[in-house]
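Take a look at the structure set out below.
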Amino acid sequence: MNNRTFTIIKPDSVENGNVGKIIAHLEGEGFRIVAGRMTRLSTDQARAFYAVHSKRPFYNDLVAYMTSGPVWVMSLERDNAVPHLRKTMGATNPAEADQGTVRALYGESIERNAIHGSDSDENAAIENAFFFAASELI
Ligand code: ATP
Ligand code: MG
Numbered sequence: 090m091n092n093r094t095f096t097i098i099k100p101d102s103v104e105n106g107n108v109g110k111i112i113a114h115l116e117g118e119g120f121r122i123v124a125g126r127m128t129r130l131s132t133d134q135a136r137a138f139y140a141v142h143s144k145r146p147f148y149n150d151l152v153a154y155m156t157s158g159p160v161w162v163m164s165l166e167r168d169n170a171v172p173h174l175r176k177t178m179g180a181t182n183p184a185e186a187d188q189g190t191v192r193a194l195y196g197e198s199i200e201r202n203a204i205h206g207s208d209s210d211e212n213a214a215i216e217n218a219f220f221f222a223a224s225e226l227i
C-alpha cells in the first residue's frame, strides 16, 4: 500500500509538550490518523526497530534515547504517504532541515530530532505491523 506510513513522535517531543502541535501539523499536511497511542519502547523493541543501524557507532545511544521516555506512535494515510511524511519531517539533522519542517520547528539535535518516519513502503508495512494489530489498521 503506497498510501500508508508510520511515525513515532519521539521522547524529546513528548518531554517538550509538542505532541499535539506535531499531530496538528501532520493533519494539516493531509494525513489521516489510522491508529495511534502513547507507548514506551522496551530496549528489545528499540533494538529490533532500529536493527538496520546496529553496526553504526550511534546505535547504543539511539536505543537508549528511544527508550528514555514515552513516545506517540501512529499509522498515517495519505497519497504518497512515505515520501510526503519524509518531506514534512525534514532532514535527519534539524540544523539542516528545511524551514517549516517538523524537525526544524521542534528538533533539538541529530539524536533528539522530534519524529521518526518510515523510509519505504515496505518498511512502513513492517513498522505498522510492529505496533498495531491488523484489526487496528483499517
Ligand atoms: P528516523 O529513522 O528516526 O526517521 P532518519 O531516517 O532521518 O530518522 P536514520 O539514518 O534512519 O535517519 O537514523 C535513525 C536515527 O538515528 C535518526 O533519526 C537519528 O536520531 C539517529 N542518527 C542518525 N545518524 C546519526 C548520527 N550521525 N549521530 C547520532 N545519531 C544519529
Ligand atoms: Mg530512518
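Each residue of the sequence shown is one higher than the last, beginning at 90 in my numbering.
Note that beta-carbon positions come from the ideal geometry of N, C-alpha and C, so glycine has one too.
- Selection M178, A124, T177 and A193 evaluated against A184 yields A193 as nearest (Cα-Cα).
- P159 counts as exposed, since fewer than 16 other C-beta atoms from the protein chains shown sit within 10 angstroms of its C-beta.
- Taking R201 as the centre and dropping the five residues before and after it, the same chain places the C-beta of D101 closer than 6 Å to its C-beta, in chain order.
- Under the three-state reduction of DSSP, F219 is assigned to helix.
- Considering only V123, A124, A153 and L174, the residue with the shortest C-alpha distance to A137 is A153.
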